[in-house]
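Okay, structure first, notes after.
There are 2 protein chains.
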Amino acid sequence: MTTALNRAIPRPGGRSARVQAAVHKATLDLLAQDGRAALTVPLIAARAGVTPSTIYRRWGELADLLADVAVERLRPDGDPADTGSVAGDLQAWVEQYRDEMSSDVGLGMMLDVLSARNGALAEGKPPVPSQCAAFTASQIEIIIARGARRGEAVPEVDAVMDTVASPIVYRALFSTAPMTPEHAQALLSACLKTARKVKPAA
Amino acid sequence: MTTALNRAIPRPGGRSARVQAAVHKATLDLLAQDGRAALTVPLIAARAGVTPSTIYRRWGELADLLADVAVERLRPDGDPADTGSVAGDLQAWVEQYRDEMSSDVGLGMMLDVLSARNGALAEGKPPVPSQCAAFTASQIEIIIARGARRGEAVPEVDAVMDTVASPIVYRALFSTAPMTPEHAQALLSACLKTARKVKPAA
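Just so you know, the protein sequences line up as chains G and Z, in that order.
Under this note's numbering, the first residue of the first sequence carries the number 2, and numbering increases by one thereafter.
Under this note's numbering, the first residue of the second sequence carries the number 2, and numbering increases by one thereafter.
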């Protein structure tokens, strides 16, 4: 299966996949051990057992590698929890999303992705869509499709992205007062008022 | 008057203000002339007629200087247009905000601000609230206060930030399909349905 979400993933078990796994693991180990300010491509290369030029050739600058590692960490582990209703599923998902994006780790991952985008923009490269938004939308889609199959009224994916996910991320990025759980649930409640019955996807 | 918004502004006419103005102008000139990828602190210093160490001492890294320049460019020029109604004022403001934030220049400014925040986070510095959100909120506040004085029903500032400004910024940052004018106005229309009469601020 080749989709927009996984076409960049190298064949599992191939040399390319092994290099990627080793470099990602070395990056995460060094991040945990010494913090981001101390991180350099040569240090990561030495830890991963590859040459620095392997990293530069494949990823580009350190910022690009950090963005790639961040995207892998942001990739959802599986389907969102199935609580039996769209409202319950979205409540659980929103609380987890808010918690992750408001943490230093989640904020750092988003900022790594955006810093790489800034580098690309500065060099005049065409913008690439960030997988972050695709990951988020895919989780919401799963919840809404489940609800539609149960015959429930459901909100639109875009409505959840615009009025629930976006303000959580905006506040995490631009404010020092991240969103409270109560505020996030109030935004979701307002969004759920727009729910309506739809035909389940075939 | 000292507020959170302007306490970092040096005294106009002082040496510090002159250095800031010269360095900001040199940065903008070089950005326009050679693009961001070519920008370095020594080049900016030479153009501004100061030493590189003046810049490093006052701003830190290039990313911090770029963030400071971006914040100055994001600072509103004046009060939002007064069309005679809250709905009209917000419609005009939303279209201008959407247009600015979806442009390469606006996106680049937000990414400069966030890249500096990423550097600070990586070095373990405490987060500082970005002035971007404060600027946006202050424009919305002015519109809403005008409406309240006219006796109109008005939405809450937070509601406009969460359900109109945030999705515009989220899509600009994370998507390659920035928000359309129609989509932004539809989000505003939904937000305006939450408007209610309030006592005007004294």
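Ideal Cβ placement from N, Cα and C applies to all residues, glycine included.
Please read these numbers as outputs of a predicted model, since none were measured by experiment.
Straight-line CA distance for residue i to residue j?
i      : j      : result
G:M111 : Z:T41  : 25 Å
G:R93  : G:D80  : It is worth fixing the name first, because residue 93 of chain G is Ala in this sequence and not Arg. Distance between the alpha carbons of G:A93 and G:D80: 12 Å.
Z:T164 : G:L188 : 9 Å
G:M180 : G:V170 : 9 Å
Z:G15  : Z:Q21  : 10 Å
G:L29  : G:L108 : 16 Å
Z:V95  : G:A23  : 46 Å
Z:A160 : Z:E142 : 11 Å
Z:F175 : Z:S104 : 14 Å
Z:C71  : G:E153 : Per the sequence shown, residue 71 of chain Z should be read as Ala rather than Cys. So the alpha carbons of these two residues sit roughly 46 Å apart.
G:V87  : G:A178 : 28 Å
G:R172 : Z:V106 : 22 Å
Z:L66  : G:A166 : 30 Å
Z:A82  : Z:Q140 : 10 Å
Z:I145 : G:E73  : 42 Å
G:D35  : Z:M102 : 36 Å
G:T84  : G:C133 : 24 Å
Z:S198 : G:A39  : Here residue 198 of chain Z is Lys; the residue named in the question, Ser, does not match the sequence. Rounded to whole angstroms, Z:K198 to G:A39 spans 54 Å at the Cα level.
G:W60  : G:P127 : 17 Å
G:P201 : G:Q97  : 26 Å
Z:R99  : Z:P182 : 7 Å
Z:G50  : Z:I56  : 11 Å
Z:E125 : G:H25  : Per the sequence shown, the amino acid found at residue 125 of chain Z is Gly instead of Glu. Computed Cα separation, rounded: 22 Å.
Z:R37  : G:M162 : 32 Å
G:S54  : Z:S54  : 32 Å
G:N119 : Z:N119 : 12 Å
Kindly indicate which three-state DSSP category residue i falls into: helix, strand or coil?
i      : result
Z:V155 : strand
G:R197 : strand
G:N7   : Low local confidence applies: a pLDDT of 40 at G:N7 is under 50, so the model's placement there is unreliable, with the coordinate-based value given in what follows. G:N7 falls in the coil class under three-state DSSP.
Z:V70  : helix
G:L40  : coil
G:M2   : Reliability fails at G:M2, whose pLDDT of 34 lies under 50, so the model's placement of it is uncertain and no value is given.
G:V20  : helix
Z:T181 : coil
Z:T28  : helix
Taking Cβ positions, are residue i and residue j nearer each other than 8 Å?
i      : j      : result
G:V158 : G:A185 : no
G:D90  : G:R147 : yes
Z:A68  : Z:A123 : no
Z:T195 : Z:P168 : no
G:L44  : G:L32  : no
Z:A27  : Z:R58  : no
Z:L75  : Z:F136 : yes
G:L63  : Z:L115 : no
Under a Cβ-count criterion, where at least 16 other Cβ atoms within 10 Å of its own Cβ denotes burial, should residue i be classed as buried or exposed?
i      : result
G:T52  : exposed
Z:A121 : buried
Z:D113 : buried
G:T4   : Per-residue confidence for G:T4 stands at a pLDDT of 38, beneath the threshold of 50, marking its modelled position as unreliable; the derived number appears in the next sentence. Exposed is the call here.
Z:N7   : Bear in mind that the predicted position of Z:N7 carries a pLDDT of just 41, short of 50, making it unreliable; the figure below should be weighed with that in mind. Label assigned to Z:N7: exposed.
G:A46  : buried
Z:A191 : buried
Z:A18  : exposed
G:S131 : buried
Z:R150 : exposed
Taking only heavy atoms of the ligand FAD into account, decide whether any of them is closer than 7 Å to the Cβ of residue i.
i      : result
Z:C192 : This structure simply doesn't include the ligand FAD, nor any ligand for that matter.
Strictly under 8 Å for the Cβ-Cβ distance: is residue i near chain C by that measure?
i      : result
G:F136 : Here the protein chains are G and Z, and chain C is not one of them.
Exercise. Along the chain, which unbroken stretches of the alpha helix (DSSP H) at least 4 residues long are found entirely within the region 98-178 of chain G?
Worked result: For the region 98-178 of chain G, whole alpha helix (DSSP H) runs of length 4 or above, ordered along the chain, are 105-123, 132-150, 158-161, 167-175.
Exercise. At which residue ranges does the region 48-95 of chain G contain complete alpha helix (DSSP H) runs of 4 or more residues, listed in the order of the chain?
Worked result: 53-60, 63-75
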